[in-house]
Structures are given as C-alpha cells and as structure tokens.
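Position 26, counted from 1, in the sequence shown is what this note's numbering calls 33; the numbers after and before it change by one each time, with no gaps.
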Amino acid sequence: MAVSLKQRRAPRTTAAADWRALGTSVRLVVTDPALLDSCNLLLARHLAEVDAACSRFRKDSELAALDTTTGRPVQVSPLLAEALSVALRAAEATDGAVDPTVGSAMDAIGYDRDFTLVRENDRPVRLTVKRAPGWRLVDLDDDTGTVTVPPGVRLDLGATAKAWAADRAANMLAEAAGCGVLVALGGDTAVAGEPPAGGWQIRVQDITGPVDETPAYGSYDSVGLHSGGLATSGTAARHWHRGDQALHHIIDPSTGLPARTPWRTVSVAAATCAEANAASTAALVKGTGAERWLTGMGLPARLVSQEGLVITTPGWPTNLRGAGLYRSAAPPRGATSPHRRSAA
8 MAVSLKQRRA PRTTAAADWR ALGTSVRLVV TDPALLDSCN LLLARHLAEV DAACSRFRKD
68 SELAALDTTT GRPVQVSPLL AEALSVALRA AEATDGAVDP TVGSAMDAIG YDRDFTLVRE
128 NDRPVRLTVK RAPGWRLVDL DDDTGTVTVP PGVRLDLGAT AKAWAADRAA NMLAEAAGCG
188 VLVALGGDTA VAGEPPAGGW QIRVQDITGP VDETPAYGSY DSVGLHSGGL ATSGTAARHW
248 HRGDQALHHI IDPSTGLPAR TPWRTVSVAA ATCAEANAAS TAALVKGTGA ERWLTGMGLP
308 ARLVSQEGLV ITTPGWPTNL RGAGLYRSAA PPRGATSPHR RSAA
C-alpha cells in the first residue's frame with residue numbers, strides 16, 4: 008500500500024535525525040521539518056526489513072538461509088532478490104573486484120559477527136590465499152524469483168546492500184513526503200526529491216567522526232550533491248587485529264584476503280549510491296590505476312593515498328551528478344587524465 012505524507016505548504020528549512028541500524032550510523036535529512044518523524048518511522052521499518060533479508064550476521068535472515076540450500080534453487084523474497092541483483096550487477100560492472108561470494112573469506116579473517124564484537128576479539132587467525140568462488144556461480148532467475156547458490160559458497164552483500172538500502176529509502180521517502188530527502192548509512196549517501204539550494208552539502212573526509220565537526224586531522228572536502236548518490240570506502244574505519252595481523256573489511260576476491268591498496272579512502276559520485284559504493288570499493292581493490300578506471304567510467308571521484316596525496320577525476324567536485332557505473336558502452340575515447348592535488 009502506498010504511503011503519502013505530502014503537505015501543501017512549502018518547506019522552510021531542513022531537519023535531521025541520527026541513530027544506528029545495520030551495524031552503522033544512520034542519518035536522515037528532510038527539507039520539510041514537519042515530516043521528519045514520519046519519515047524516520049518509515050526509514051526504521053525499511054531498514055528492519057533489509058536487515059531481516061540481507062544480514063550475514065543473523066541466523067534467521069533470508070541470506071543466512073541460503074547457506075543450507077546445498078545448490079538447490081530456492082524462492083526468495085522480492086527484497087532479497089533485488090539486493091542480490093544489485094550485488095551481481097556490481098560484480099559484473101567492476102570486473103569482479105566487488106564479488107558477493109566472499110562470505111567465507113570474511114569469516115576466515117574474523118569478520119563473522121557485528122563489527123563492534125569483531126574488534127573485541129584479538130585471537131590470532133591463519134590467513135590463507137584462496138580465491139573467492141566467483142559471482143558467476145550464483146544463478147538468480149528474475150522470472151521465477153529463485154536463486155541457486157552452489158554448496159560451500161557463502162554470500163556477503165556488505166559491499167552493496169547498505170548503499171542499495173539508502174537509494175531505496177531516499178526514493179521511497181521523497182515520493183511519500185513530496186520533499187527533498189537525504190539518507191546516509193555510514194559512508195553511503197543517497198538523495199532524492201528537490202534538493203536544497205546549492206545541493207546537499209556533504210563533507211567527505213578520511214577519518215570517521217561526527218557530521219557537525221570538522222575533522223581534527225586528515226584531509227576533507229565539501230561538495231554539493233544534487234541527485235543520485237555519493238559513497239566513501241576506506242580501509243581505516245573498519246579495521247582490527249588478530250594476533251599480529253592488521254586486517255580490514257575490503258576483501259580482494261582474487262586472494263580472499265584484505266586488499267593491499269595504495270588508497271586510504273576513495274569517494275565516488277554516481278547515478279545511484281549503490282553504483283557509487285561499488286565503484287569506490289572496486290577502486291580500493293584495483294589499487295594502482297584505479298583513478299584511470301574511474302575516469303574511463305566517467306565517474307567523479309576523490310582518491311586519497313596512504314601518504315595523504317589527493318587525486319581527483321574529472322567532474323569532482325564541480326558537478327556531482329555522477330554518471331552510471333552499469334553501462335554497456337565502452338569508456339569514452341580521449342578521456343582526460345585525473346587531476347592531482349597536493350598532499351593533505
């Protein structure tokens with residue numbers, strides 16, 4: 008049943024709510040303060056549904072149930088089918104740099120529970136190079152709503168589900184409320200509806216911290232986002248130790264181990280937050296040359312090296328209405344080289 012919260016009077020300013028869900032921070036901003044509470048309730052309901060469908064850490068989730076299907080095709084809910092479709096499209100668009108079949112690799116490095124619990128466990132782990140099974144082994148039938156996962160393959164939607172949930176929520180709330188909406192889940196931000204004058208002002212930074220406080224150290228940039236999504240991926244926000252091993256949550260599917268990357272953070276704007284997050288994660292995995300790949304895809308991006316050198320691709324930050332990542336056309340000929348800026 009469609010939900011309508013629309014009011015006839017023009018919005019005056021923005022209002023925001025902050026809380027936590029899906030193991031990360033949640034921020035909702037609307038351009039009509041009178042509708043904040045109603046929108047927040049709808050958002051909470053939506054994220055609860057996403058968690059029940061897509062969580063790798065809940066034994067009762069739909070995703071977890073796929074671990075026991077032993078290669079049989081099983082019916083899944085439209086919500087999980089959509090999330091799986093987004094993950095498989097991301098894998099194809101990034102040449103497998105973002106791959107949902109890394110669930111077992113995540114478990115092997117100790118990321119087998121909510122991140123707040125992961126950091127409390129410092130028991131050593133044995134790291135073994137083992138390629139992820141590969142996204143092409145997963146068969147999603149859109150016509151029947153069934154999915155087939157081979158025995159021994161465990162799925163993880165961490166690289167796409169939060170961004171997709173942000174897209175879905177922003178569009179749903181903008182339609183219901185008739186105002187501009189921003190939904191941010193961790194480093195994944197989606198906007199919909201009429202933006203504030205000058206666009207949604209978003210600060211991109213290299214370290215996590217309160218949204219209303221300028222970071223005490225590390226580089227940052229402020230941009231105006233008018234549509235689509237903006238995502239920042241990095242290796243510093245979710246990292247932990249097992250014995251003497253320093254680990255993080257960005258898995259290289261070719262090794263099954265945390266990616267060895269020259270980048271501290273990568274921020275990307277795209278037509279959707281899901282596309283932006285897939286591209287930013289893929290850039291970390293691709294490592295050297297990622298800026299050329301992003302430029303070829305026509306995606307505005309900001310990459311920060313481990314040494315603090317900031318590199319931007321064309322379109323950042325002057326026109327954050329990002330191009331689409333999912334496309335069949337070849338990269339444009341004669342794409343300009345990424346712009347380099349001084350170290351932060």
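Here a beta-carbon is modelled for each residue, glycine too, at the ideal position from N, C-alpha and C.
>> Helix, strand or coil for S240? Go by DSSP, reduced to three states.
In response: As a position in the sequence shown, residue 240 is number 233, starting the count at 1. S240 falls in the strand class under three-state DSSP.
>> Which same chain residues end up closer than 6 Å to V57 when comparing Cβ atoms and leaving out the 5 residues on each side of it in sequence?
In response: Locating residue 57 in the sequence shown gives position 50, where the first residue counts as 1. The residues are A172.
> Do P40 and A23 come within 7 Å of each other at the CB atom, strictly closer than that value?
Replying inline: By 1-based counting over the sequence shown, the position of residue 23 is 16. By 1-based counting over the sequence shown, the position of residue 40 is 33. Taking 7 Å as the Cβ cut-off, A23 and P40 do not qualify as a contacting pair.
> Run through DSSP, which three-state label would L189 get?
Replying inline: Along the sequence shown, read from residue 1 onward, the residue named residue 189 stands at position 182. L189: strand per DSSP, three-state reduction.
> Which of the three DSSP states, helix, strand or coil, is assigned to A278?
Replying inline: Start at 1 with the first residue of the sequence shown, and residue 278 comes out as number 271. In this structure, A278 counts as coil in the three-state DSSP scheme.
> Given that a residue counts as buried once 16 or more other Cβ atoms are within 10 Å of its Cβ, and exposed if not, what is P314?
Replying inline: Position 307 of the sequence shown, counted from the first residue, corresponds to residue 314. Reading the sequence as shown, one finds Glu at residue 314 and not Pro. Exposed, by the Cβ-count rule.
>> Buried or exposed for D213, going by 16 or more other Cβ atoms inside 10 Å?
In response: Numbered from 1 along the sequence shown, position 206 holds the residue referred to as residue 213. D213 is buried by the Cβ-count criterion.
> DSSP state of D58, grouped into three classes?
Replying inline: Taking the first residue of the sequence shown as position 1, residue 58 is located at position 51. Note: D58 maps to helix in three-state DSSP.
>> Once DSSP output is grouped into helix, strand and coil, what is the label at W171?
In response: Numbered from its first residue, the sequence shown carries residue 171 at position 164. In the structure shown, W171 sits in a helix (DSSP, three-state: H, G or I).
> From V211 to A281, what distance separates their C-alpha atoms?
Replying inline: Mapped onto the sequence shown, residue 211 falls at position 204. Mapped onto the sequence shown, residue 281 falls at position 274. The alpha-carbon separation between V211 and A281 amounts to approximately 17 Å.
> Does the separation of the CB atoms of G303 and A277 fall below 7 Å?
Replying inline: Taking the first residue of the sequence shown as 1, we reach residue 303 at position 296. Taking the first residue of the sequence shown as 1, we reach residue 277 at position 270. Cβ distance not < 7 Å, so G303 and A277 don't count as in contact.
> If you drop the 5 nearest sequence neighbours on each side, which residues of the same chain put their C-beta closer than 7 Å to that of K293?
Replying inline: Within the sequence shown, numbered from 1, the residue matching residue 293 stands at position 286. Closer than 7 Å at the Cβ level, and outside the excluded window around K293, lie A104 and W300.
> Is the stretch 137-150 touching the stretch 97-113, taking contact as three or more C-beta pairs under 8 Å?
Replying inline: The stretch 137-150 vs the stretch 97-113: in contact.
> For M113, which residues from the same chain have a beta carbon less than 6 Å from its beta carbon, with the 5 sequence-adjacent residues on both sides left out?
Replying inline: As a working mapping, residue 113 is identified with position 106 in the sequence shown. The answer, listed in chain order, is D163.
>> Under 8 Å, with one C-beta from each stretch per pair, do the stretch 58-70 and the stretch 80-87 reach the 3-pair mark?
In response: yes
>> Just to confirm, is the Cβ distance from A177 to A191 under 7 Å?
In response: Translated into the one-based positions of the sequence shown, residue 177 becomes position 170. Translated into the one-based positions of the sequence shown, residue 191 becomes position 184. Contact: no.
> Taking the alpha-carbon positions, what's the A181 to V37 distance?
Replying inline: As a working note, residue 181 is residue 174 in the sequence shown. As a working note, residue 37 is residue 30 in the sequence shown. Approximately 9 Å, taken between the alpha carbons.
> For R79, which residues of its own chain have a beta-carbon under 8 Å away from its beta-carbon, when the five flanking residues on both sides are left out?
Replying inline: Here the question's residue 79 lines up with position 72 in the sequence shown. So the list reads T155, once near-sequence residues are dropped.
> What's the gap between the Cα of G165 and the Cα of P157?
Replying inline: One-based indexing of the sequence shown puts residue 165 at position 158. One-based indexing of the sequence shown puts residue 157 at position 150. C-alpha separation (whole angstroms): 20 Å.
> What residue from A199, D149, A297 and S312 has the CA that sits closest to V83's CA?
Replying inline: Translated into the one-based positions of the sequence shown, residue 83 becomes position 76. V83 has its Cα closest to that of D149, out of A199, D149, A297 and S312.
> Considering only residues of the same chain and omitting the five flanking positions on each side of T268, which have a CB-CB separation below 6 Å?
Replying inline: Position 261 of the sequence shown holds residue 268. Hits under 6 Å: L291 and G294.
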